[in-house]
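Colleague: Mind looking over this structure? Questions follow.
Numbering (this note's numbering), first residue to last: 8 to 551.
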């Protein structure tokens, strides 16, 4: 149900530099919180609650956040204010674009209200969980729970009978709100809270207490959000014990979690520093639970998508990740050709059968002999199929196994940017059978599918896909242009570390092809994976 209401999200604030420790980010709205940007959490929540008439206020110079929003939310109106203007100017500017005949709700862009919005006409949300007055806008209430007085970040005042405003403001009379804002502006007072204080004298505002909210604008709030907000796909349940600093994952996919636990527990002591410690594994008839050490670092996918790192940073990060893998490869085993056949040939056949049986729109993309991507003609799957499987047969002529992670991509690598420390999570733990060993080329290809294939951008929805006509596509990923330079660097580095670059590229292409059935919840994303796979297969087989 669409609710008729002006919804305003104020996201023109400056970045809190203390949040740099959360992952090399210099845009408050793009602060990564468990796989999504802070602004994603806020907007997705509003849309999920049925509010469609949404306007976001941004700074004029915040082109990166603006582009991000345009790509993710093309129907949301963006309003721009000067780079040095405050919350009052944001409110004043956006109100000129609002329908005076509708109520208005205002939400700060670094606030997530993790519960239904209040239904009352004029209402603010507040929280009693505050320990200092100088960092918060406080309110006191009268006996009718209306605002009695507002305190704007005043120092050293008593907190007795006061609560902090959490960043949600709902007003029934938008016309009056505009009038008051204009009057305050004419007096050059430019005070966001004064507008509400005056409004409250004419129409009393109720204050309701909430304890279910997140404040991304303070470091403590960001930490809390990262501890409690998860986008889990594979696991039925994730819990965090913030006192012990542990995370408990429970799943009905018992074997997957048992494989993961075995990987952690089987690592040689000398390299166990690259992974969290496991404290407990509990198995019953239906589920497996795994309690392990929790790290608050952002993962590299979040930093790659939302961060502000320069190329030099990424050169160093990629080189460091290959060095980590070189440590793994000191622990060797001879691979059985059947194991390699299982992972490259049999799995590919299995996933192709799944596409054939249950994903008709991908099956239809594979029918024609040629497919056009960005005005370039590529041989389609039926044409490349024999050459592809001949190449996969050659991949089996390899026996240099080592310890591997099995899913060595950016989303599974936690990163401390202050000390360049990596922690590896969510290992595969299986290479035909349960083991910590496997084909190291697979890990390097996984890394390439993040660095070069831009897998994480696709999963985040940062792409544009248009079908011009049957099997003729425009497909572009919204990634900084500088990322294209990482391809040459990565491939040269791979060769320097002793890998066959062509094999790595083919395995990467195979990853995009075989992951298609795993993303049945996102058909457009599946199409992007297929286009990426067929382009990369062509490049390896026919362009060297």
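We put the beta carbon where it would ideally sit given N, CA and C, even for glycine. As the structure is a prediction and not an experimental result, all values here were calculated from the model.
Please work out which residues of its chain come closer than 7 Å, Cβ to Cβ, to residue 467, disregarding the five sequence neighbours upstream and downstream, and give them in chain order.
Modeller: To locate residue 467, count along the chain shown from 1; it is residue 460. If we look at residue 467 and ignore the five residues flanking it on each side, its Cβ neighbours are 312.
Colleague: Would you check if there are 3 or more beta carbon pairs closer than 8 Å linking the region 390-404 to the region 337-355?
Modeller: yes
Colleague: Nearest to residue 83 by alpha carbon, out of 70, 61 and 65?
Modeller: Translated into positions along the chain shown, residue 83 becomes position 76. If we check each option's Cα against that of residue 83, 61 comes out closest.
Colleague: Which residue from 59, 98 and 95 puts its Cα closest to that of residue 81?
Modeller: Numbered from 1 along the chain shown, position 74 holds the residue referred to as residue 81. For residue 81, the nearest C-alpha among the options comes from 59.
Colleague: Are the region 412-429 and the region 300-314 touching, with three or more C-beta to C-beta distances below 8 Å?
Modeller: yes
Colleague: Are residue 97 and residue 86 closer than 9 Å when you measure CB to CB?
Modeller: Along the chain shown, read from residue 1 onward, the residue named residue 97 stands at position 90. Along the chain shown, read from residue 1 onward, the residue named residue 86 stands at position 79. In contact: residue 97 and residue 86 (Cβ atoms closer than 9 Å).
Colleague: Three or more beta-carbon pairs under 8 Å between the region 523-536 and the region 356-368, yes or no?
Modeller: The region 523-536, when compared against the region 356-368, does touch it at the 8 Å Cβ threshold.
Colleague: Quick one: what's residue 148 bridged to in DSSP?
Modeller: Within the chain shown, numbered from 1, the residue matching residue 148 stands at position 141. 154, per the DSSP bridge assignment.
Colleague: Does the beta-carbon of residue 241 have 16 or more other beta-carbons within 10 angstroms, so that it is buried, or is it exposed?
Modeller: Within the chain shown, the letter at position 234 stands for residue 241. Model confidence at residue 241 stands at a pLDDT of 45, short of 50, so the residue's coordinates are unreliable and nothing is read from them.
Colleague: Assess contact between the region 437-444 and the region 478-488, defined as three or more Cβ pairs (one per stretch) separated by less than 8 Å. Is contact present?
Modeller: no
Colleague: What residue range is occupied by the uninterrupted alpha helix (DSSP H) comprising residue 353?
Modeller: Counted from its first residue, the chain shown places residue 353 at position 346. First-last for residue 353: undefined, no H or E at that position.
Colleague: Would you mind working out which of 411, 374, 262 and 488 sits nearest residue 477, comparing C-alpha positions?
Modeller: Taking the first residue of the chain shown as 1, we reach residue 477 at position 470. Selected option, being the one with the closest Cα: 374.
Colleague: Taking the beta strand (DSSP E) that residue 174 belongs to, which residues open and close that run?
Modeller: By one-based count along the chain shown, residue 174 stands at place 167. Unbroken beta strand (DSSP E) run through residue 174: 170-178.
Colleague: Which residues in the same chain have their Cβ closer than 6 Å to the Cβ of residue 471, if we skip the five residues on either side of it in sequence?
Modeller: As a first step, residue 471 is located in the chain shown; it is residue number 464 there, counting from the start. Correct list, in chain order: 483.
Colleague: For the pair the region 132-149 and the region 241-257, tell me if three or more CB-CB distances fall below 8 Å.
Modeller: no
Colleague: Count the other C-beta atoms from every protein chain shown that fall within 10 angstroms of the C-beta of residue 529, then say buried if there are 16 or more, exposed otherwise.
Modeller: Numbered from its first residue, the chain shown carries residue 529 at position 522. So residue 529 counts as exposed.
Colleague: Out of 314, 136 and 283, point me to the one whose CA is closest to residue 302's CA.
Modeller: For the purposes of this step, residue 302 is taken as the residue at position 295 of the chain shown. Checked all of 314, 136 and 283; the closest Cα to residue 302 is 283.
Colleague: Looking at the unbroken alpha helix (DSSP H) that takes in residue 84, where does it start and where does it end?
Modeller: In the chain shown, the residue the question calls residue 84 occupies position 77. Unbroken run through residue 84 is the beta strand (DSSP E), 84-88; no alpha helix (DSSP H).
Colleague: In the DSSP output, what is residue 437 paired with across the bridge?
Modeller: Counted from its first residue, the chain shown places residue 437 at position 430. Answer is 441, bridged to residue 437.
Colleague: Near residue 436, which residues of its chain fall below 6 Å by C-beta distance, leaving aside the five closest residues on each side in sequence?
Modeller: As a first step, residue 436 must be located in the chain shown, where it is residue number 429. Here the set comprises 266, 267, 269 and 270.
Colleague: Name the DSSP beta bridge partners of residue 181, please?
Modeller: To locate residue 181, count along the chain shown from 1; it is residue 174. DSSP, once it has assigned bridges, lists no residue as partnering residue 181.
Colleague: So what's residue 36 in DSSP terms, helix, strand or just coil?
Modeller: Position 29 of the chain shown, counting from 1, holds the residue named residue 36. Reduced to three states, the DSSP call for residue 36 is helix.
Colleague: Going along the chain, which residues of its own chain have a beta-carbon closer than 7 Å to the beta-carbon of residue 453, five neighbours each way excluded?
Modeller: Position 446 of the chain shown, counted from the start, is the residue given in the question as residue 453. Within the same chain, and ignoring the five residues on either side of residue 453 in sequence, the residues whose Cβ sits closer than 7 Å to its Cβ are 414, 415, 416 and 518.
Colleague: Count the other CB atoms within 10 Å of the CB of residue 337; is the residue buried (16 or more) or exposed (fewer)?
Modeller: On the chain shown, position 330 is the one that residue 337 refers to. Its Cβ having fewer than 16 others within 10 Å, residue 337 is exposed.
Colleague: Can you tell me where the beta strand (DSSP E) with residue 299 in it begins and where it stops?
Modeller: The residue given as residue 299 occupies position 292 in the chain shown. It spans 295-300 - the beta strand (DSSP E) in which residue 299 sits, taken as one unbroken run.
Colleague: Could you compute how far the alpha carbon of residue 71 sits from the alpha carbon of residue 327?
Modeller: The residue labelled residue 71 in the question sits at position 64 within the chain shown. The residue labelled residue 327 in the question sits at position 320 within the chain shown. Distance between residue 71 and residue 327, taken at the CA atoms: about 28 Å.
Colleague: When the Cα atoms are used, what is the spatial distance from residue 465 to residue 320?
Modeller: Indexing the chain shown from 1 puts residue 465 at position 458. Indexing the chain shown from 1 puts residue 320 at position 313. If you take the alpha carbons of residue 465 and residue 320, they lie about 22 Å apart.
Colleague: Can you pull the DSSP bridge partners for residue 118?
Modeller: In the chain shown, counting from the first residue as 1, residue 118 sits at position 111. Residue pairing from DSSP places residue 118 in a beta bridge opposite 222.
Colleague: For the beta strand (DSSP E) holding residue 258, just list the boundary residues, first then last.
Modeller: Against the chain shown, residue 258 aligns to sequence position 251. Per DSSP, residue 258 belongs to the beta strand (DSSP E) from 253-258.
Colleague: Quick one: is residue 289 buried, meaning 16 or more other Cβ sit within 10 Å of its Cβ, or exposed?
Modeller: By 1-based counting over the chain shown, the position of residue 289 is 282. Flag for residue 289 reads exposed.
Colleague: So the alpha helix (DSSP H) residue 521 belongs to, where does it begin and stop?
Modeller: On the chain shown, residue 521 is found 514 positions in, with the first residue counted as 1. 508-521 is the extent of the alpha helix (DSSP H) around residue 521.
Colleague: Buried or exposed: where does residue 63 fall if 16 or more other Cβ atoms within 10 Å of its Cβ makes it buried?
Modeller: Within the chain shown, residue 63 is the residue found at index 56, counting from 1. That one is buried.
Colleague: Alpha carbon to alpha carbon, how far is residue 299 from residue 432?
Modeller: Here the question's residue 299 lines up with position 292 in the chain shown. Here the question's residue 432 lines up with position 425 in the chain shown. Roughly 10 Å between the two C-alpha positions.
Colleague: Does DSSP put residue 66 in a helix, a strand or coil?
Modeller: Stepping through the chain shown from its first residue, residue 66 is reached at position 59. In the structure shown, residue 66 sits in a strand (DSSP, three-state: E or B).
Colleague: Name the two residues that bound the continuous alpha helix (DSSP H) containing residue 199.
Modeller: Here residue 199 refers to the residue found at position 192 of the chain shown. Counting along the chain, the alpha helix (DSSP H) containing residue 199 begins and ends at 199-209.
Colleague: By the DSSP assignment, the alpha helix (DSSP H) with residue 335 in it spans what residues?
Modeller: Here residue 335 corresponds to residue number 328 of the chain shown, with the count starting at 1. Segment 318-335, the alpha helix (DSSP H) holding residue 335.
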